[in-house]
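Just so we're aligned, residue 11 is where the sequence shown starts under our numbering, counting upward by one. We put the beta carbon where it would ideally sit given N, CA and C, even for glycine. Step one of this worksheet: look at the structure below.
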Amino acid sequence: MRIAASSLVMSAGLGLVGVGAAALAEAQPAPLPDYHWCPGQFWDPGWGGNWDQGRCHDDHFRDGEPRDRGHWH
(Lines of atoms letter the chains of each structure in order from A and count residues from 1; the text may use other names and numbers.)
(Lines give C-alpha, C1' and ligand atoms only; values in the text may rest on other atoms or scores of the structure.)
Protein backbone atom coordinates (compact mmCIF):
# COMPACT_ATOMS: atom_id res chain seq x y z
CA MET A 1 0.00 0.00 0.00
CA ARG A 2 2.82 2.36 0.85
CA ILE A 3 4.54 1.74 -2.49
CA ALA A 4 1.31 2.39 -4.40
CA ALA A 5 0.76 5.68 -2.55
CA SER A 6 4.31 6.88 -3.18
CA SER A 7 4.03 5.90 -6.86
CA LEU A 8 0.82 7.90 -7.15
CA VAL A 9 2.40 10.95 -5.52
CA MET A 10 5.48 10.73 -7.76
CA SER A 11 3.38 10.37 -10.92
CA ALA A 12 1.19 13.32 -9.99
CA GLY A 13 4.22 15.45 -9.17
CA LEU A 14 5.93 14.65 -12.46
CA GLY A 15 2.72 15.38 -14.34
CA LEU A 16 2.38 18.80 -12.72
CA VAL A 17 6.01 19.63 -13.46
CA GLY A 18 5.45 18.70 -17.11
CA VAL A 19 2.38 20.93 -17.36
CA GLY A 20 4.26 23.82 -15.76
CA ALA A 21 7.21 23.43 -18.12
CA ALA A 22 4.90 23.31 -21.14
CA ALA A 23 3.23 26.55 -20.06
CA LEU A 24 6.60 28.29 -19.80
CA ALA A 25 7.78 27.07 -23.20
CA GLU A 26 5.37 29.21 -25.24
CA ALA A 27 7.09 30.53 -28.33
CA GLN A 28 6.27 34.04 -29.44
CA PRO A 29 6.31 34.66 -33.20
CA ALA A 30 8.75 37.20 -34.54
CA PRO A 31 7.20 40.56 -35.42
CA LEU A 32 6.42 40.82 -39.11
CA PRO A 33 6.05 43.93 -41.21
CA ASP A 34 2.55 45.37 -41.09
CA TYR A 35 2.22 44.68 -44.82
CA HIS A 36 3.20 48.21 -45.72
CA TRP A 37 6.78 49.39 -45.90
CA CYS A 38 8.40 52.63 -47.11
CA PRO A 39 12.06 53.57 -47.61
CA GLY A 40 13.57 54.74 -44.33
CA GLN A 41 11.58 52.29 -42.22
CA PHE A 42 13.24 49.36 -40.48
CA TRP A 43 13.50 46.13 -42.50
CA ASP A 44 14.45 42.97 -40.62
CA PRO A 45 16.45 40.58 -42.86
CA GLY A 46 14.63 37.73 -41.12
CA TRP A 47 11.50 38.73 -43.05
CA GLY A 48 13.23 37.80 -46.29
CA GLY A 49 14.36 39.98 -49.14
CA ASN A 50 12.92 43.44 -49.67
CA TRP A 51 11.86 43.20 -53.31
CA ASP A 52 11.75 46.99 -53.90
CA GLN A 53 13.82 49.19 -51.62
CA GLY A 54 13.09 52.37 -53.57
CA ARG A 55 9.30 52.72 -53.18
CA CYS A 56 6.56 52.15 -50.64
CA HIS A 57 4.91 48.77 -51.05
CA ASP A 58 3.17 45.92 -49.32
CA ASP A 59 3.78 42.23 -49.99
CA HIS A 60 2.61 42.32 -53.60
CA PHE A 61 1.90 45.87 -54.82
CA ARG A 62 3.67 49.21 -55.05
CA ASP A 63 1.76 52.31 -53.97
CA GLY A 64 0.13 54.33 -56.72
CA GLU A 65 0.06 51.72 -59.48
CA PRO A 66 -2.80 52.30 -61.96
CA ARG A 67 -4.42 48.94 -61.24
CA ASP A 68 -4.21 49.53 -57.50
CA ARG A 69 -4.57 53.30 -56.94
CA GLY A 70 -6.62 53.17 -53.76
CA HIS A 71 -4.70 50.38 -52.09
CA TRP A 72 -2.86 52.48 -49.49
CA HIS A 73 -2.49 56.16 -50.33
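Cβ pair H46, D68 closer than 7 Å = Remark: C-beta atoms of H46 and D68 approach each other more closely than 7 Å.
Under the DSSP definition of a beta bridge, which residues are partnered with W47?
-> H67.
Cut-off 8 Å between Cβ atoms - residues of its own chain near P49, not counting five sequence neighbours on either side | Only Q63, G64, R65, C66 meet the Cβ criterion.
Span separating the alpha-carbon of D54 from that of W61 | If you take the alpha carbons of D54 and W61, they lie about 13 Å apart.
Could you check the C-alpha separation between M11 and E36 for me, to the nearest Å?
-> Computed Cα separation, rounded: 39 Å.
From the DSSP output, in three-state form, read off W61 for me.
-> Three-state DSSP puts W61 in coil, outside helix and strand.
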